[in-house]
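These protein sequences, in sequence, are chains Y and X.
If you use the numbering used here, the first sequence corresponds to residues 119 to 352, in order.
If you use the numbering used here, the second sequence corresponds to residues 5 to 113, in order.
Backbone N, C-alpha and C define an ideal beta-carbon position, used for all residues, glycine too.
Quick caveat, the model's predicted, so the values are computed rather than measured.
Quick notes on the structure that follows.
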Amino acid sequence: MKLETLTQVNAERAARRPVIVVTDVANGDQRLVKARDIATDPLSAELSKQLRMGKSGMVESGGKKLFLNVYAPTARLVIVGAVHISQALAPLARSLDYDVTVVDPRTAFASPERFPDVPLIAEWPDVALPPLNIDHYTAFVALTHDPKIDDPALLHAFERDCFYIGALGSRKTHAKRAERLKAQGASDADIARIHAPIGLSIGAVSPSEIAVAIMAEITAELRLPKETAKVQAA
Amino acid sequence: MLNRDEDILQAAENWQKAGHGVALATVVETWGSAPRPAGSSLVINDDGTFLGSVSGGCVEGAVVTEALDVIASGKPKMLEFGVADETAWNVGLSCGGTIRVFVEKVGQS
């Protein structure tokens with residue numbers, strides 16, 4: 119790999135833009151395709167398929183065996199609510215290679231003692247969330263149980279293309295939340311994006327178990343084809 | 005965990021810029037129950053220092069040895085490890101899978 123190619127791959131990844139390196143494995147010839155150039159690329163069908171699956175693999179084209187190495191951005195988890203569940207969820211998500219950020223305006227909750235080594239933002243969602251640039255490779259969870267914090271956070275998430283949105287609360291709590299959010303302009307489609315009650319149904323009781331249920335659901339949303347993810351989560 | 009692909013590739017860039025010979029080994033094809041998917045990579049410098057993995061740790065030693073050759077020659081190589089391969093069995097890819105690993109020098113023109 120040319121140093122120039124490697125430098126560009128690293129720069130695109132730092133900017134959280136997907137990039138694919140195409141290698142002719144017979145001779146090592148290589149080229150880099152940025153996400154925005156895929157549509158006009160001769161291999162556009164193959165490239166977009168691999169990117170959608172987030173998978174690298176071999177393809178044959180024009181008698182050549184080409185390896186398409188897909189570099190999708192690192193998945194992120196934004197946790198609103200520096201609560202007990204979050205104390206278990208943050209390290210669990212990090213062990214699964216997510217970049218984790220915790221947001222909670224209540225400084226008694228969002229303290230480094232409670233969240234060692236986790237980036238904490240002790241601000242209200244309207245201040246904390248916009249600079250995070252929540253994107254397609256972000257999972258978003260609202261766990262405070264406090265509508266003053268969770269509701270504006272969820273409204274922000276609806277405006278973004280995050281791959282997962284979850285909110286803590288029973289079916290009853292969620293029904294009330296849906297009414298409040300709709301009164302503030304959310305659509306039915308927005309409400310349908312929320313996974314609530316949050317997490318796969320595994321009978322989780324303790325904060326750590328709920329964290330496992332949440333990460334399992336996020337993993338399913340990330341990895342399974344869409345229909346299957348819904349069946350599994352139901 | 006840790007040593008994620010971007011950290012690995014950043015290390016490759018840093019080593020190269022610091023004047024090291026560097027090789028990148030990438031899993032390009034897998035059959036059966038291979039331990040790591042296509043796209044998994046390992047970077048090696050001319051000190052023999054390496055980061056990342058192409059298997060569960062079974063064949064890394066062999067890959068590092070080959071990578072040092074690639075750093076010296078500048079020519080890319082395709083390596084294959086599997087249960088049918090006596091050598092691979094010896095180094096322990098006992099999960100029943102086969103993997104093909106492409107090894108290339110970083111900085112080749």
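Item	Value
For ASN128/Y, does the three-state DSSP call read helix, strand or coil?	helix
List the residues of chain X whose Cβ lies closer than 8 Å to the Cβ of LYS358/Y, in chain order.	Because chain Y spans 119 through 352 in this model, residue 358/Y falls outside it and cannot be assessed.
Thinking C-alpha only, which one of LYS21/X, GLU17/X and ILE12/X is nearest THR30/X?	ILE12/X
Measure the CB-CB distance between GLY303/Y and ARG295/Y and report whether it falls below 8 Å.	no
May I ask you to list, following chain order, the residues of the stretch 242-260 of chain Y that have a beta carbon less than 7 Å from some beta carbon of chain X?	none
Helix, strand or coil for TRP35/X? Go by DSSP, reduced to three states.	strand
For chain X, find out if any of its Cβ atoms is closer than 8 Å to the Cβ of VAL127/Y; answer yes or no.	yes
Would you mind working out which of GLU178/Y, GLU335/Y, LEU247/Y and ALA190/Y sits nearest PHE276/Y, comparing C-alpha positions?	LEU247/Y
If you draw a straight line from the alpha carbon of SER179/Y to that of ILE328/Y, how long is it in whole angstroms?	47 Å
Using a threshold of 8 Å, state whether the C-beta atoms of GLY52/X and VAL68/X are closer than that.	yes
Report yes or no: do the stretch 169-184 of chain Y and the stretch 232-247 of chain Y share at least 3 C-beta pairs separated by less than 8 Å?	no
Mind checking whether ILE267/Y and PRO243/Y have CB atoms under 8 Å apart?	yes
Excluding sequence positions up to five away, which residues of its chain have a Cβ less than 7 Å from the Cβ of ALA240/Y?	ASP222, PRO223, THR225 and ALA228
Kindly list, in the order they appear in chain Y, the residues whose Cβ is closer than 9 Å to that of LEU28/X.	MET119 and LEU124
When burial is assigned at 16 or more other CB atoms within 10 Å of the CB, is GLY65/X buried or exposed?	exposed
Is there contact between the stretch 330-344 of chain Y and the stretch 20-27 of chain X, where contact requires at least three CB pairs shorter than 8 Å?	no
For ARG289/Y, which residues from the same chain have a beta carbon less than 7 Å from its beta carbon, with the 5 sequence-adjacent residues on both sides left out?	PRO315
Alpha carbon to alpha carbon, how far is GLY25/X from ASP50/X? Give it in angstroms, no decimals.	5 Å
State yes or no: is the beta carbon of GLU17/X nearer than 8 Å to at least one beta carbon in chain Y?	yes
Just checking: is the beta-carbon of GLY146/Y within a distance shorter than 8 Å of some beta-carbon in chain X?	yes
Compare the C-beta of THR158/Y against all C-beta atoms of chain X and say whether one is closer than 8 Å.	no
Within the present structure, is the beta-carbon of ASP264/Y separated from the nearest heavy atom of the ligand COA by less than 7 Å?	Among the ligands in the structure shown, none appear at all, so the ligand COA cannot be discussed.
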